[in-house]
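Novice: Starting off with a structure, shown below.
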Amino acid sequence: MALLDEEPAPEAPWDLLLYDALIVDQFPVEPAAHRLILPPSDTVPRGSAIERRMREALQATPDLAGLFEDEVTLQLGALGPTPRVDLLWRDGKVVVELDGSEHERDPNYGADRHRDYELLVAGYLVLRLTNAEVQLDLSRSLEKVRRVVNLRRELP
578 MALLDEEPAP EAPWDLLLYD ALIVDQFPVE PAAHRLILPP SDTVPRGSAI
628 ERRMREALQA TPDLAGLFED EVTLQLGALG PTPRVDLLWR DGKVVVELDG
678 SEHERDPNYG ADRHRDYELL VAGYLVLRLT NAEVQLDLSR SLEKVRRVVN
728 LRRELP
């Protein structure tokens with residue numbers, strides 16, 4: 578639960594927070610345990626609108642359908658980091674990250690590069706696509722995913 582003084586803009590990262598949000602003028606005085614009502618987990622969309630669009634497009638593409646899981650937390654070795662990735666082809670060890678504008682500058686930009694390194698040394702190929710790229714040219718974005726999948730399939 579988040580309590581905000583004013584309503585944020587309906588864009589990343591706030592779009593996920595605002596999904597099914599309740600706006601109140603006065604806060605109730607009863608204990609928080611009596612106020613917290615969560616919707617069933619299967620009704621809350623996972624990821625941003627762009628992530629959902631890409632996920633649906635992958636499922637609708639015959640040679641890519643069923644390959645990718647979304648929002649997966651990986652364990653990289655016994656003591657390694659546990660990054661959450663947007664899309665994962667587990668068998669091929671391919672990660673697709675869909676980045677909004679918040680990933681264009683530090684600290685997110687630097688943290689993303691370090692995560693890419695950790696994934697790379699653990700054997701994963703990482704493809705980063707910007708939200709704008711997916712929004713403007715979905716077919717080109719799908720072709721990039723397809724080429725990375727084909728590259729991984731060709732490697733021993």
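Mapping the sequence shown onto my numbering, position 3 (from 1) lands on 580, and the numbers just tick up by one. Glycine is no exception: its CB is placed at the ideal position from the N, C-alpha and C atoms.
1. In the structure shown, what three-state DSSP assignment does A705 receive?
2. Quick one: what does DSSP say L644 is sitting in, helix, strand or coil?
3. Going by DSSP in three states, D663 sits in which element: helix, strand or coil?
4. Considering Cα atoms alone, identify which of Q636, L635 and E695 is closest to L656.
5. Could you name the residues that DSSP lists as bridge partners for V726?
6. Between N708 and D676, which are expected to be in contact by the criterion C-beta below 8 Å, what is the C-beta distance as a whole number of angstroms?
7. Secondary structure at L697, three-state DSSP: helix, strand or coil?
8. Mind checking P639: buried by the 16 CB within 10 Å criterion, or exposed?
9. Any idea what DSSP makes of L529, helix, strand or coil?
10. Here's the rule: buried if 16 or more other CB atoms are within 10 angstroms of the residue's CB, otherwise exposed. What is S548?
Specialist: Quick answer:
1. Counting from 1 along the sequence shown, the entry for residue 705 is found at position 128. Going by the sequence as given, residue 705 is Arg instead of Ala. Looking at R705 - three-state DSSP - the assignment turns out to be strand.
2. Here residue 644 refers to the residue found at position 67 when the sequence shown is read from its first residue. In the structure shown, L644 sits in coil (DSSP, three-state: anything other than H, G, I, E or B).
3. For this step, residue 663 is matched to residue 86 along the sequence shown. Three-state result, D663: strand.
4. The residue labelled residue 656 in the question sits at position 79 within the sequence shown. Checking every option, the nearest Cα to that of L656 belongs to E695.
5. As a position in the sequence shown, residue 726 is number 149, starting the count at 1. Beta-bridge pairing links V726 to no other residue.
6. One-based indexing of the sequence shown puts residue 708 at position 131. One-based indexing of the sequence shown puts residue 676 at position 99. Confirmed, about 7 Å.
7. Here residue 697 corresponds to residue number 120 of the sequence shown, with the count starting at 1. In the structure shown, L697 sits in a helix (DSSP, three-state: H, G or I).
8. Numbered from its first residue, the sequence shown carries residue 639 at position 62. Per the 10 Å Cβ criterion, exposed.
9. Here the chain has residues from 578 to 733 only, and residue 529 is not among them.
10. Residue 548 lies beyond the range of the chain shown here (578 to 733); nothing can be said about it.
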